[in-house]
Every structure is written in structure tokens, then in C-alpha cells.
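1 is the number of the first residue of the sequence shown in our numbering; add one for each residue after it.
What follows is a single structure, written as C-alpha cells, with notes after it.
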Amino acid sequence: MRKIIILLVAVASLLGCKKSEEKVDTPGCVQEMVKRYENELKCTEQGSMETNLYRGTYKNKQVYFADTMCPVCNVPPPKHGYDCSGKKIEFSDFKDVTDIKEVYNSCTKKVIE
């Protein structure tokens, strides 16, 4: 009987809770890059054709760039990115960009930090 009461209390507390709408505290640089790339960030089909915003390290500088995720499209890698000051950084070889992390997903329209 005690287990049933505990279970009922747990279920009631879960049903009574509303998910609070949290505002993600987006760093200014990421927001600026989303705005800079807004015409390129597109989602045709989630998981198979989407262009998202990424952050990486190139020659010891943090850079942001749009890249298309499409396994069957044979899309070339980005040729450039931008640092937080807005300076355009040309990539001599994209293989030199390391620590790549997605920071904005065009399908979910959410910043990932």
C-alpha cells in the first residue's frame, strides 16, 4: 500500500508540473554569427540535408562557419569563416580546422552551447 501511495504522489507531481520556458543565454558572438549566416542556414530534411552553424579552431583562432550536412551530396567544405570580431578568415585547408562543434541547428532553430 505504501508503494502505491508513493507512486501516486510521484505521478501527481509529474503531471502537475509545467515545463518552464527557459531562455537560452546565447553568447553575443553566436547570435551575431546566426544573423550573419541567416541566408545560408537552411533545413531541407533533418538528418539528411541541412546547413548548420559550426565553431572550430583554425590557426589558434576561434572561427564560425556554415557547413552543409548531406551524406550523399558530395558538398565541398567551407572555404572561410569569421571570428567574433567579424574578420573573415580564409581556410587554406579545411582539414586544419579542429575542435569542430555545431552551435546552431537550422532544423530545430536552436543554439547548441
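Where a beta carbon is used, it is the ideal one built from N, C-alpha and C, also for glycine.
Straight-line spacing of the CA atoms in ARG36 and VAL103 works out to 14 Å.
Separation of the CB atoms of TYR58 and PHE91 is rounded to 6 Å, and the pair is thereby assigned contact status at 8 Å. With contacts defined as CB atoms closer than 9 Å, PHE65 and PRO78 qualify as a contacting pair. Per DSSP, GLN62 is one residue of the beta strand (DSSP E) stretching across 61-69. The continuous stretches of beta strand (DSSP E) do not include LYS109, and DSSP gives it neither H nor E. With a threshold of 16 other beta carbon atoms within 10 Å, ASN52 meets it and is buried. Here CYS43 is near CYS107, since their CB atoms are less than 9 Å apart.
The closest CA to that of PHE94, considering only GLY56, MET33, LYS110, VAL30, is found on GLY56. Taking C-beta atoms under 8 Å as the contact rule, MET69 and GLU40 fail to qualify, at a distance of about 13 Å.
Note: LYS88 is bridge-paired with TYR82 in the DSSP secondary-structure output.
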